[in-house]
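> What follows is a single structure, and I will ask about it in a moment.
There are 2 protein chains.
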Amino acid sequence: MPAQTQGYFTEENSADVVVGQIADTTEPRLAKVIEAVTRHLHAAVKEIEPTQEEWLAAIMFLTKTGQMSDDWRQEFILLSDIFGVSMLVDAINNRKPSGASESTVLGPFHVPDVPELPMGSNICLDGKGHPMLIKGRILNTEGQPIEGTKIDVWQTNDDGFYDVQQKGIQPDFNLRGVFRTGADGTYTFWGAKPRFYPIPDDGPVGKLLGSLGRHPYRPAHLHYILEAEGYETLITHIFDPDDEYINSDAVFGVKESLLAKFDLIEVPDRIKEEGAEGPFYEVVHDFVLAPEA
Amino acid sequence: MPAQTQGYFTEENSADVVVGQIADTTEPRLAKVIEAVTRHLHAAVKEIEPTQEEWLAAIMFLTKTGQMSDDWRQEFILLSDIFGVSMLVDAINNRKPSGASESTVLGPFHVPDVPELPMGSNICLDGKGHPMLIKGRILNTEGQPIEGTKIDVWQTNDDGFYDVQQKGIQPDFNLRGVFRTGADGTYTFWGAKPRFYPIPDDGPVGKLLGSLGRHPYRPAHLHYILEAEGYETLITHIFDPDDEYINSDAVFGVKESLLAKFDLIEVPDRIKEEGAEGPFYEVVHDFVLAPEA
């Protein structure tokens with residue numbers, strides 16, 4: 001135990017006194033993290049100057065956030081999401097070289113071991129919504145196609161729900177698929193135009209959003225995980241730039257470079273060429289993978 | 294809903310983007326608090342640069358802290374205590390003019406409606422430990438005695454437990470009392486020498502303390518609430534300066550001015566004079582109350 005060389009507690013030296021109690025034998029990374037947390041926490045309290053009642057309200061908010069969580073619901077992750085912290089941690093851990101596609105949050109709806117499908121397959125198994133053709137190329141930062149990229153995609157259906165949120169209502173693996181690029185690095189598949197949807201907002205986090213005049217919606221997007229040997233795995237979304245919530249994603253997942261173009265194709269020749277039954281949306285989007293560090 | 298004038302999320306502008314979503318209609322104090330929390334939180338994350346695994350470990354720690362809490366146990370208050378935040382909030386809300394006695398945390402063991410006793414009473418009802426005579430004066434900042442001060446005191450017994458922690462073992466109201474000063478502002482009562490004791494350490498907070506090489510103990514102290522008309526109510530402790538944990542209170546409650554003197558009195562004349570049966574401890578401590586703002 002170190003001597004409390006900072007002296008006794010005062011408003012001025014509060015963080016020093018607390019940090020001074022961390023034993024020298026503490027695992028260095030933990031010591032560094034707790035010191036930083038302590039200093040920023042004390043700085044925040046000194047700026048805010050909470051009353052005792054406000055401090056107790058904060059304690060009760062955090063308590064309820066923990067108590068709302070279980071095996072199926074993680075309210076503290078939601079809290080991190082709506083404060084932009086999940087996105088910040090993602091950004092810090094996924095700094096990309098110039099020209100490479102940017103990452104965004106994984107989200108809670110990824111499913112492992114989705115069946116691999118031939119290019120051009122339709123992953124929309126419930127037949128709902130506007131048909132959508134999604135295609136593009138997987139490239140390296142030199143603009144060369146990457147062969148053998150595993151493309152894992154998932155999205156909501158036209159009601160704004162993922163299959164796993166509606167088991168027994170949506171077909172299994174609805175709007176999920178795994179594809180693998182050939183030598184030309186291209187990909188193509190059919191889905192349905194995704195919909196905006198709310199994060200769970202019936203808990204303390206939803207109540208806080210409401211108090212801040214914020215809505216719980218995420219703008220429509222498609223999720224991607226792109227894996228290729230010799231490249232950094234990319235976890236990202238592409239977004240519908242015309243979604244009404246595109247400038248106010250409840251979890252701050254939108255980045256400029258992740259805006260795709262969702263074009264409504266009504267030209268009869270194109271409809272015929274693609275074998276569609278009528279007008280459809282088309283999204284053409286290339287991804288650039290960073291080389292493995 | 295304000296336009297997201299800060300643009301889309303980047304690592305650099307992350308806090309601005311999040312703060313930019315707070316609606317103009319938000320209650321001003323809440324808006325200010327959430328803005329400050331957001332900015333300090335993002336600054337902390339940028340300094341720490343947590344890995345995804347570390348971030349998830351923090352989420353799980355907070356979740357368990359909430360889930361450990363119930364009507365009897367408040368693990369988030371313990372967390373606030375061991376980070377010195379409870380003391381900091383106390384300090385901010387109890388800035389005293391020069392010469393006035395300082396405050397410290399209330400703690401969870403105060404009991405309302407304790408019977409008022411005549412000066413000189415013995416509040417040690419279980420007969421355990423070293424007898425202790427506590428006396429002093431309640432003064433204003435001009436050094437004048439304050440008549441009619443209500444003195445509410447409580448302390449652990451010789452085993453380091455408050456009566457409410459050992460219902461059925463300790464007598465009701467053991468080592469608690471309310472006294473009222475006369476014209477001379479003096480107080481005097483008998484208790485027992487208090488003992489150091491641990492904060493509850495069988496939860497996530499105790500585990501964190503252990504990881505930091507910190508112990509869970511609070512040095513021996515007596516609690517006081519002093520109330521007098523025309524003066525600010527003072528919630529404080531006085532501490533035994535010879536306690537082995539005096540320089541490392543787990544909740545940082547010790548302030549320089551709260552160190553009392555615990556003298557062992559063995560002189561036969563004094564023992565006889567005070568009507569004691571043998572050697573006893575004596576604590577003489579004056580309190581100075583600040584005028585009401």
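Chains as they are written, first to last, in our numbering: chain A, 1 to 293; chain B, 294 to 586. Each residue gets a CB set at the ideal place from its N, CA and C atoms; glycine is no exception. Remember, predicted model here, so these are calculated numbers, not experimental data.
From the DSSP output, in three-state form, read off W154(A) for me.
DSSP places W154(A) in strand when its eight states are reduced to three.
> Would you mind sorting R95(A) into buried or exposed? The rule is 16 or more other CB atoms within 10 Å of its CB.
Classification of R95(A): exposed, given that the 10 Å Cβ count is below 16.
> In terms of DSSP beta bridges, what is P424(B) paired with?
The partner list for P424(B) (beta bridge, DSSP) reads A485(B).
> For chain A, is any of its Cβ atoms less than 8 Å away from the one on T356(B)?
Taking Cβ atoms only, chain A reaches closer than 8 Å to T356(B), which makes this a yes.
> Residues of chain B with CB under 7 Å from T51(A), in chain order?
Result: N386.
> Of all the CB atoms in chain B, is at least one closer than 8 Å to the CB of W72(A)?
By this cut-off, W72(A) is not an interface position.
> My guess is that L234(A) and F287(A) are in contact by the Cβ rule of under 8 Å, so how many angstroms apart are they, rounded?
Rounded, the Cβ-Cβ distance is 7 Å, consistent with contact.
> Can you tell me whether DSSP reads Y179(A) as helix, strand or coil?
What sits at residue 179(A) in the sequence shown is Phe, not Tyr. Residue state, collapsed to three classes: strand.
> Return the CA-CA distance between D284(A) and H237(A), expressed in angstroms with no decimal places.
Checking the sequence shown, residue 284(A) turns out to be Val, not Asp. Going by the C-alpha atoms only, they are around 14 Å apart.
> Does any heavy atom of the ligand NAD sit closer than 7 Å to the C-beta of G129(A)?
Among the ligands in the structure shown, none appear at all, so the ligand NAD cannot be discussed.
> I'd like the span of the alpha helix (DSSP H) that includes V311(B), first residue to last.
V311(B) -> alpha helix (DSSP H) spans S307 to V312.
> Helix, strand or coil: how does DSSP classify L355(B) here?
Helix, per DSSP.
> Taking contact to mean 3 or more Cβ pairs, one atom from each stretch, closer than 8 Å, check whether the stretch 87-102 of chain A and the stretch 332-351 of chain B are in contact.
Touching, per the Cβ criterion.
> Chain B partners of Y8(A), CB-CB under 7 Å?
Chain B residues near Y8(A): V547, K548 and E549.
> What's the call for W365(B), buried or exposed, on a 16-neighbour Cβ count within 10 Å?
Looking at its Cβ environment, which holds fewer than 16 other Cβ atoms inside 10 Å, W365(B) is exposed.
> Using a Cβ-Cβ cut-off of less than 7 Å, give me the residues of the stretch 204-216 of chain A that come near chain B, in sequence order.
Answer set for the stretch 204-216 of chain A: S211, L212, G213 and R214.
> With burial defined as no fewer than 16 other Cβ atoms inside 10 Å of the residue's Cβ, what is the status of T104(A): buried or exposed?
Burial call: buried.
> With contact counted as at least three CB pairs below 8 Å, one residue from each stretch, are the stretch 33-49 of chain A and the stretch 322-335 of chain B in contact?
They touch, by the three-pair rule.
> Between which two residues does the alpha helix (DSSP H) carrying L381(B) extend?
From DSSP, the alpha helix (DSSP H) with L381(B) extends over V378 to N386.
> List the residues of chain B that L78(A) touches, going by C-beta distances under 9 Å, in chain order.
Per Cβ cutoff of 9 Å: no residues; L78(A) is ~10 Å from chain B at best.
> Any contact between the stretch 149-169 of chain A and the stretch 298-317 of chain B? By contact I mean 3 or more CB pairs, one from each, below 8 Å.
No, because fewer than three Cβ pairs between the stretch 149-169 of chain A and the stretch 298-317 of chain B fall closer than 8 Å, the two stretches do not touch.
> Hey, does A220(A) have any beta-carbon neighbour from chain B nearer than 8 Å?
No, A220(A) lies away from the interface with chain B (no Cβ there is under 8 Å from its Cβ).
> Relative to the alpha-carbon of I59(A), which residue among E340(B), T356(B), F354(B) and I370(B) has its alpha-carbon at the smallest distance?
Per the Cα distances, I370(B).
> Is I169(A) near D81(A), with beta carbons less than 8 Å apart?
Not closer than 8 Å, so no.
> For a cutoff of 8 Å on Cβ pairs, would you count T319(B) as touching chain A?
Yes, T319(B) lies at the interface with chain A (some Cβ there is under 8 Å from its Cβ).
> Report the neighbours of S14(A) on chain B: residues whose CB is nearer than 9 Å to its CB, in chain order.
G377, V378, M380, L381, A384 and F545, listed in chain order.
> Can you check whether the C-beta of V45(A) is within less than 8 Å of a C-beta belonging to chain B?
Judged by the 8 Å Cβ criterion, V45(A) is in contact with chain B.
> Can you name the start and end residues of the alpha helix (DSSP H) that I370(B) belongs to?
I370(B) -> alpha helix (DSSP H) spans E368 to I375.
> If you measure between the beta carbons of E75(A) and P204(A), is that distance less than 8 Å?
In this structure, P204(A) lies closer than 8 Å to E75(A) by Cβ.
> Quick one: using the 10 Å Cβ neighbour count with 16 as the cut-off for buried, is M102(A) buried or exposed?
According to the sequence displayed, residue 102(A) carries Glu and not Met. E102(A) is buried by the Cβ-count criterion.
> To the nearest angstrom, how far is it from the Cα of L208(A) to the Cα of P572(B)?
Looking at the two C-alpha atoms, the distance is approximately 59 Å.
> DSSP state of L399(B), grouped into three classes?
DSSP places L399(B) in coil when its eight states are reduced to three.
> Taking V18(A) as the query, report the chain B residues whose CB atoms sit under 7 Å from its CB, ordered along the chain.
Chain B residues near V18(A): F376, G377 and F545.
> Count the other CB atoms within 10 Å of the CB of A586(B); is the residue buried (16 or more) or exposed (fewer)?
Exposed is the call here.
> Here's a check: name, in chain order, each residue in its chain whose Cβ is nearer than 7 Å to the Cβ of A290(A), leaving out the five neighbours to either side.
The residues are K96, P97, A100, T141, Y231 and E232.
> For H42(A), would you say it is in contact with chain B, using Cβ-to-Cβ distances shorter than 8 Å as the test?
Yes, H42(A) counts as interfacial toward chain B.
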